[in-house]
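According to this note's numbering, the sequence shown holds residues 889 to 1019 in order. By construction, the Cβ of each residue, glycine as well, lies at the ideal position given by its N, Cα and C atoms.
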Amino acid sequence: MGNDEPKSTIGMMILTDGQVFGEIFDITEPKFSKEEKEYKNQYSATKTIGRVPGWGKWDGLGFKINYTGNAAQRALLTDAKAGTKRLWQVIMPPEFVAADGTYDGFQFSGFISAVEPTADGDGIAERSITV
């Protein structure tokens, strides 16, 4: 079947400025959408209303990490508070590499818009992060 088979995302990594944070799970990739703009041509004999693509928008990248409190993870909270903009990379596992050596993944400039800690005393401490 070749490349038509579903692939596992186990081993997917998210880096910022080349740094990995630890065990990452529940990754939500950004969704791209484009707003639609309406236009009217008053000089047209048919007086029709048309639509053209407007501004594009990426929704946030979301992921969870098992919180260990290491320096890289503490820096995420510091970055969130300061509104620091960094280069983020999403790297797919090796099985996504195509025959020509290219791989699925992308990078973008962004900042952390939300950090939600979970330390309920009933399991592993986690951080939910949205970029």
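Under DSSP, Trp946 shares a beta bridge with Phe920.
Between Val1003 and Ala963, the C-beta spacing is not below 8 Å. For Ser1016, the pairing in a beta bridge is given by DSSP as Lys952, Glu1004. Using a Cβ distance threshold of 8 Å, Val908 and Trp976 do not count as a contacting pair.
By the Cβ neighbour-count rule, Tyr931 is exposed, with fewer than 16 other Cβ atoms within 10 Å of its own. For the pair of segments examined, the stretch 902-917 was found to touch the stretch 947-958: the number of CB pairs separated by less than 8 Å reaches three.
The three-state reading of DSSP puts Asp967 in helix, counting H, G and I together. The residues Lys952, Glu1004, in chain order, have a CB closer than 6 Å to that of Ser1016 in the same chain once the five nearest residues on each side in sequence are set aside. Distance from the Cα of Ala1007 is smallest, within the candidate group Asp992, Thr956, Ala987, for Thr956. When secondary structure is reduced to three states using DSSP, Gln961 falls in the helix class.
For the pair Pro918 and Trp946, the CB atoms are nearer than the 8 Å cut-off.
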